[in-house]
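Some notes on the structure that comes next.
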Amino acid sequence: MTRIARVVAARVPHHITQRGNRRQRTFFDDADYETYLRLLAASCAEHRVVIWAWCLMPNHVHLIAIPKTAEGLARAVGRAHWRYTRAINFRQGWRGYLWQGRFGSCPMDAAHTLAAARYIERNPVRARLVRRAWQWPWSSAAGHVSGRGDALVKPGGPLVAEVNDWRRFLAADEDEEDV
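The UniProt record's numbering numbers the first residue of the sequence shown as 1 and each following residue consecutively.
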């Protein structure tokens, strides 16, 4: 059975999602989150993909990524996930898949991109891991609120330029149907 080709548009924001196989945990401690961020940053730099927003949850990942080329997205994210899987499998003495299938991706227009960024960064609040989005250490929310950026997002990026007060933007009631 052939798989459906991924729709990727160069220089367009994409909402990326990847869940753990059988919805299992993919991050087991802080060092795992740090390893993933390091691998993703290196892979994105290599394949010219820019990250605008991100959130790492215990069993899944959300990204807003902009590839410079159509091929860059699959190469950057796929390579980072392959390397991370190898690291976890080696440490745990496991074999097999860590992630559930291929990552999902959806190109977005400007309005959808802002809604997706809010959805992504509020994910830990909805999961009741923190009270405020910027308290979760494994997302771009704190970097956007502070204006300092983080391991993946440059300070004062394009999303922040669209919103006067990122803290208020995250705290506002979200319209789940927008995402």
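Cβ atoms here follow ideal geometry from the backbone N, Cα and C, with glycine treated the same way.
Less than 8 Å separates the beta-carbon of L98 from that of T26. Residue state for V8 is assigned as coil, using DSSP reduced to three classes. Within the same chain, Cβ atoms closer than 7 Å to the Cβ of T113 are found at P13 and I64, the five residues on either side in sequence being excluded. DSSP places W166 within a helical segment (H, G or I) once states are collapsed to three. Per DSSP, A172 lies in no alpha helix (DSSP H) and is assigned neither H nor E. In the DSSP assignment, T113 falls within the alpha helix (DSSP H) that extends over A110 to E121. I51 counts as buried, since no fewer than 16 other beta carbons sit within 10 angstroms of its beta carbon. The region 129-137 and the region 73-88 do not touch, with fewer than 3 CB-CB distances between them shorter than 8 Å.
Around the beta carbon of R23, fewer than 16 other beta carbons lie within 10 angstroms, which makes this residue exposed. G156 and F169 have their C-alpha atoms roughly 15 Å apart.
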